[in-house]
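Throughout, my numbering is defined as the position within the sequence shown, counted from one, plus 928.
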Amino acid sequence: MEPLDKLTPGMPIVYGGDKVTHVDETLAAAFAPGDKLIVVQSSGDLLHIDRATWEIVRRAVDGAAAAFEQMGETGDDEISRFYEAFAARLEDDATFAPIAEANAADVTSAKAAGRSSTRLQLSEKMRSGMIDGLRTWSKAASGRGSVVETVSHDGWRVELVQAGLGVAGFVFEGRPNVFADATGVLRSGNTVVFRIGSAALGTARAIAASALEPALTEAGLHPSSVSLIDSPARAAGWALFSDTRLALAVARGSGTAVAQLGAVARQSGIPVSQHGTGGAWIVGSEHADADAFGAAVFHSLDHKVCNTLNTCCIVESRLDLVPVFLDALDRAGKRRGAEAKLHVAEGDEGHIPPEWFEPAPIARAEGIVTEPRTEVIDGDLLGEEWEWEDSPEVTLKIVPDVATAVELFNSQSPRFVASLVSSDLAEHERFWDTIDAPFVGNGFTRWVDGQYALDRPELGLSNWQFGRLFGRGGVLSGDSIFSIRTRSTQDDPDIGR
């Protein structure tokens, strides 16, 4: 079969088995011999990967695959030394100084371009969390070589033994702490290649040069055990997630870009951990304590991440909770020095005071924008995830009962995080049994975090937008990436079938 060496404007491309898209002039002009074209079968998106980017990614995976081959002879003590050395370098102010300088430059560039910088900033709190996470992994048991199950027979036995899975590929946009989180895969005997968004690439390069690479050398690990794809091109993520040598693809973040990455990996036959859309839901029940409800809302809106409150449902028999909700939303905005933004489902706007519809200064990534503080949205858009900077942004829906809220969550949300505020234990059991979410609680939603909840740095969280997960929970951590090998030990040499 002849390789694809050119595209022509209008060229038909079949996707999804029965649909056709066409090459546009821009793509045709950019495509050159040696380039790759990925056709996303679920959407018809045509993704162009230039030859240079493809080669950068291929070499990175080459190194990670070679490092994984050596992992069988790499001791757990060496891996622990790596974590300790990495943590010590992040903790040392002199070593951290060029990292802080690079991050400040990244933040400045993002703000100048009108992009969000809240997740990009490597604060002292984030730095401390990275250090604590690395030291948690240094002390954790690896699980490698542990016998999961033994089946005994006359004269022989079979053992199921935990082993490394292989090369993990990570793509994340702008949170530098994920850099350290991603190294968690080494604990269970894997290696990792990751790509970070262009906005945080300067920070990533500085971390690699000042802390990561020296720590790998000091511990005696293969230099490609953890490697950064040094490319700002978005196509690098597509190339990585289409490399079938990956044992697992992990996409951190949310939105259409992450959903697209997941589609690329799935059609390449690579298992995926991702959530294409984030946003948590809180339901205020007929049996809700008003103070507990207000606290749940307030503490779920400290800043925008995937487990931040996005949609709130209040049963109509407890309309007294609406002012409690608005007060918590208002206080959450003031905590960040901004006005909050509300979306209310069509038909429920009469429950919102008129002053909430007046224009207000809303803090967006591009700066302060004057817009109505409350807007009415279609009742079919309750799952819309609001990406906000400093102005907390939430949707409110009044429902006849908790069962209706559950139905709306199951049909419209990304099926991620759900919380019921109620004093009725039986109601909580019904909620647990009927809500289609991997993470369910009775208070604030921001508890959904591997390090915060489970004392294990998370590598990613998965919603159920693309179906339930096989054999593991929604928190992906370094010790949950493994395979099972099977070993037979024959004591009686004269066994046959």
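Every residue, glycine too, gets a C-beta built ideally from N, C-alpha and C. Fair warning: this is a prediction, and the values are worked out from it, not measured in the lab.
Whole angstroms is fine: what's the gap from residue i's alpha carbon to residue j's?
| i | j | result |
| --- | --- | --- |
| W1314 | Q1090 | 41 Å |
| V1113 | P1282 | 52 Å |
| I1409 | G1092 | 7 Å |
| G1402 | A1108 | 20 Å |
| I984 | T1323 | 43 Å |
| R1123 | F1098 | 6 Å |
| S1196 | R1415 | 30 Å |
| K1039 | D1230 | 20 Å |
| T1036 | L1387 | 27 Å |
| D963 | G1190 | 21 Å |
| L1018 | F1024 | 6 Å |
| E1317 | M929 | 50 Å |
| R979 | I1363 | 46 Å |
| A1293 | R1047 | 12 Å |
| Q998 | Q1418 | 28 Å |
| A1256 | D1352 | 23 Å |
| I1242 | F1394 | 27 Å |
| L955 | G972 | 14 Å |
How is the alpha helix (DSSP H) around residue i delimited, first residue to last?
| i | result |
| --- | --- |
| Q1188 | T1184 to Q1195 |
| R1009 | D1004 to E1019 |
| L974 | That residue, L974, is in no alpha helix (DSSP H); its beta strand (DSSP E) goes L974 to I977. |
| E1001 | Premise fails: E1001 is in no alpha helix (DSSP H) and is neither H nor E. |
| V1106 | N1105 to A1110 |
| L1249 | L1249 to R1263 |
| L1382 | G1378 to L1382 |
| S1056 | E1052 to K1067 |
| W1360 | L1353 to T1362 |
| A1147 | E1141 to A1147 |
| E1286 | Run containing E1286: none; DSSP gives neither H nor E here. |
| F1226 | A1218 to H1227 |
| E1335 | V1330 to Q1340 |
| W1209 | Here W1209 belongs to no alpha helix (DSSP H); instead the beta strand (DSSP E) covers A1208 to G1212. |
| L932 | No alpha helix (DSSP H) holds L932; DSSP gives it neither H nor E. |
Quick check: is any heavy atom of the ligand ADP less than 7 Å from the C-beta of residue i?
| i | result |
| --- | --- |
| G1083 | Ligands are entirely absent from the displayed structure, and the ligand ADP is therefore not among its contents. |
Leaving aside the five residues before and after residue i along the sequence, list all residues of the same chain whose C-beta is less than 7 Å from its C-beta, in chain order.
| i | result |
| --- | --- |
| G1181 | F1100 and E1101 |
| P1026 | A1134 and S1138 |
| R1358 | none |
| A995 | T1119, H1150, S1152 and S1153 |
Residue i lies in the beta strand (DSSP E); which residues open and close that run?
| i | result |
| --- | --- |
| I1305 | T1302 to I1305 |
| P940 | P940 to Y943 |
| A1128 | Segment: none, A1128 is in no beta strand (DSSP E) and carries neither H nor E. |
| N1238 | L1237 to V1243 |
| V951 | Run containing V951: none; DSSP gives neither H nor E here. |
| V1272 | K1269 to A1273 |
| G1094 | Where G1094 is concerned, there is no enclosing beta strand (DSSP E), given that its DSSP letter is neither H nor E. |
| E1077 | V1075 to H1081 |
| F1122 | T1119 to I1124 |
| G1388 | E1386 to L1389 |
| F1367 | F1367 to G1369 |
Give a yes or no on whether the C-beta atoms belonging to residue i and residue j are separated by under 8 Å.
| i | j | result |
| --- | --- | --- |
| V1252 | G1278 | no |
| S1390 | N1370 | no |
| D952 | P937 | yes |
| N1031 | P1104 | yes |
| V1120 | A1132 | no |
| S1170 | E1214 | no |
| T1015 | V1095 | According to the sequence displayed, residue 1015 carries Ala and not Thr. Cβ atoms of A1015 and V1095: not closer than 8 Å. |
| A958 | H976 | yes |
| D1420 | W1084 | yes |
Counting only beta-carbon separations shorter than 8 Å, does residue i have a partner in chain B?
| i | result |
| --- | --- |
| S1411 | Going by chain labels, chain B is absent from the structure shown, which holds only one protein chain. |
Assuming residue i contacts residue j under a Cβ cut-off of 8 Å, what Cβ separation, rounded to an integer in Å, is found between them?
| i | j | result |
| --- | --- | --- |
| W1209 | T1239 | 5 Å |
| I1157 | A1163 | Not confirmed; about 11 Å, so no contact. |
| P1342 | G1311 | 6 Å |
| D1076 | L1088 | What sits at residue 1076 in the sequence shown is Val, not Asp. Their Cβ separation, rounded to whole angstroms, is 4 Å, which keeps V1076 and L1088 in contact under 8 Å. |
| A1147 | A1013 | 6 Å |
| V1200 | A1177 | 5 Å |
| P1300 | A1260 | Actually they do not touch by this definition, with Cβ atoms about 19 Å apart. |
| V1345 | F1367 | 5 Å |
| N1235 | R1374 | 5 Å |
| G1307 | L1249 | About 19 Å; that fails the 8 Å criterion. |
Leaving out five residues on either side along the sequence, give the residues of the same chain with a beta carbon under 6 Å from the beta carbon of residue i.
| i | result |
| --- | --- |
| F1372 | A1224, H1227 and S1228 |
| A1216 | V1349 and S1350 |
| I941 | T949 and V967 |
| P1160 | S1126 and L1129 |
| L1404 | S1201, L1387 and G1388 |
| D1219 | none |
| S1074 | Q1090 |
What residues in its chain sit with their C-beta under 8 Å from that of residue i, if we drop five residues either side in the sequence?
| i | result |
| --- | --- |
| A1072 | Looking at the sequence itself, residue 1072 is Arg, so the reference to Ala does not match. Cβ neighbours of R1072 beyond the five flanking positions: D1004, Q1090, A1091, G1092, S1116, G1117 and F1410. |
| D1407 | A1068, A1069, S1070, G1071, G1112, R1115, S1116 and R1384 |
| V1304 | H1271, V1272, A1273, E1274 and E1277 |
| W1360 | V1368 |
| T1298 | P1287, A1288, P1289 and I1290 |
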